[in-house]
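A quick write-up on the structure given underneath.
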């Protein structure tokens, strides 16, 4: 009979195999252990049968010879089995470029390609994975504005279908990134944002690179490391979603970018393309199928020391479709088939100070157009009052009527915005959005939403002036339903409970499903 040890080994191996093939893609150590376990099980089972079938009449020397030959045969069998199962696993597992060919130093450490996940919930299975590499900048960091811009108007459903991977490309910026993300705790805890960095053994020696294209040594080092940063980030993103979008840490997104991208993907889904372009600048806003990333990364790694990454991407197109025997116009047209461009651009470069020390870049995407700075709704007639001092022509009345945003000077404790309906309304829901895509920091902080019912209520304890609190601002937005037990509402109020350090901008006011009198 098969021993308990053999059965345990066999089923442990099967569980390991299933776990590796179904979920784990961090390395091949699982695969090797599993193959070894299977071979050991088969060998042990055969030897067990031999010992059970051996009779007392067999001499010790003959028995030992049988054992020796069996071991030799099964050594050959195990090698064959390992090759066979290796090929089977290669078909089952996502393909990966062999980075060791182009970065041979990686062989010195087993975990050289294993990412370090600092923050996040390891979310996967989403539609869009956004990659945001960040490095130290001598003058100014744009990371927090970039992330706030990406998160600004995502709906609840969209937040569940996206993951933003912040890649810390330099150890010196880890503390800065942690401090920055303290302002976005909900996005991190919900799994919308992840923070990773590469193994300390990932980068090769970049001190002796060949200078090309007239670039000084420091610039060659900078662009080479950038190629390696993008490659690592792409490999990490491969298993997390259907599409990968390459961004940078000094951009802003156009309002509604998520919906626009998904609609364009659906429009070209049945067509042949290598990437979709949502920005005209460099490598920003390029969307790839994650299934194509291994091939793309292998090309980048192959030439990571030779050219900038946007040039390499263009060379992939050339290799795929350009005929050397035809003219440049034919090549341009063929490449355009694999590079589908969406207009207007959805991402704009805003960084003035490059991550390359001393470099100033005034790059702007001319197809980005103007941002949507407010969103108007058909609200009921109301009398409007506020203790906040307006800035220029950005009045509360214009914001309420949907023709502008309200911009007020620094709020203090006790400041308010009061909306008194001309006729009491049966308000079913509300939405107040503070800040906008360009001035995202000017928000309401520690501010509540209150309503004034038209009658006394047994369900709620009102304040001294009759208002009942129904919500508050969170990450710049207050949104919710109004309990029907409150009845008709005479007024709504936004009440500030602590002094602010910044101005406040109200970009959207919406009273949902109102019954008009």
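Residue numbers (the UniProt record's numbering): 1 to 517.
For every residue, glycine included, the Cβ atom is placed at its ideal position computed from N, Cα and C.
This one's a predicted model, so the numbers in the text were calculated from it and none came from an experiment.
| Asked | Found |
| --- | --- |
| Spatial neighbours of residue 298 within its chain, please: CB distance less than 6 Å, with the 5 preceding and 5 following residues excluded, ordered by chain position. | 97 |
| From what residue to what residue does the beta strand (DSSP E) around residue 564 run? | Residue 564 lies beyond the residue range present for the chain, which begins at 1 and ends at 517; the question has no answer from this structure. |
| Run through the DSSP bridge pairs and tell me what residue 394 is partnered with. | 391 |
| Have a look at residue 447 and residue 496 and give me their C-alpha separation to the nearest angstrom. | 4 Å |
| Between residue 402 and residue 433, is the Cβ-Cβ spacing less than 8 Å? | no |
| Sort out for me which residues DSSP pairs residue 510 with in a bridge. | 431 |
| Quick check on the DSSP output: what are the complete beta strand (DSSP E) runs of length 3 or more inside the segment 107-186, in order along the chain? | 116-119, 126-134, 162-168 |
| Report the option in 120, 424, 146, 508 whose CA atom is closest to the CA atom of residue 284. | 146 |
| Distance check for residue 240 and residue 195, CA to CA, integer angstroms please. | 14 Å |
| Let me confirm a value: residue 318 is counted as buried when at least 16 other C-beta atoms fall within 10 Å, else exposed. Which label applies? | exposed |
| I'd like to check one pair, residue 388 with residue 408: are the Cβ atoms closer than 8 Å? | yes |
| Suppose only complete runs of 3+ residues qualify. What are the beta strand (DSSP E) ranges in the segment 411-477, listed by chain order? | 416-425, 429-434, 447-453, 468-472 |
| Considering only C-alpha positions, which residue in the set 247, 482, 350, 412 is nearest to residue 503? | 412 |
| Take the Cβ of residue 501 as the centre, count every other Cβ of all protein chains shown within 10 Å, and call the residue buried at 16 or more, exposed below. | exposed |
| Since residue 405 contacts residue 436 with CB under 8 Å, what's their CB separation in whole angstroms? | 6 Å |
| Using the Cα positions of residue 106 and residue 203, report the straight-line distance between them to the nearest angstrom. | 8 Å |
| If we ignore side chains and look at the alpha-carbon of each, how far apart do residue 375 and residue 307 end up? | 43 Å |
| Nearest CA to the CA of residue 305: which residue from 509, 329, 102? | 102 |
| Using the three-state DSSP reduction, which class does residue 498 fall into: helix, strand or coil? | coil |
| Return the chain-ordered list of same chain residues with a C-beta closer than 6 Å to the C-beta of residue 309, the five sequence neighbours on each side being excluded. | 227, 230, 283 |
| Do you know how far the Cα of residue 399 is from the Cα of residue 518? | Look at the range of the chain in this structure, 1 to 517, and you will see that residue 518 is not part of it. |
| Tell me whether the beta-carbon of residue 386 lies closer than 8 Å to the beta-carbon of residue 417. | yes |
| Counting pairs of Cβ atoms below 8 Å between the segment 109-121 and the segment 211-222, do you hit three or more? | no |
| From what residue to what residue does the alpha helix (DSSP H) around residue 336 run? | 328-338 |
| Across the segment 145-161 and the segment 242-256, are there enough close Cβ pairs to call them in contact, namely three or more that are closer than 8 Å? | yes |
| Beta-carbon within less than 7 Å of residue 208's beta-carbon, same chain only, minus the 5 sequence neighbours each way: which residues are those? | none |
| Tell me whether residue 99 is buried or exposed, calling it buried when 16 or more other Cβ atoms sit within 10 Å of its Cβ. | buried |
| Suppose contacts are defined by Cβ-Cβ distances below 8 Å. Is residue 337 in contact with residue 276 by that definition? | no |
| By alpha-carbon positions, which one of 189, 136, 200 ends up nearest to residue 110? | 200 |
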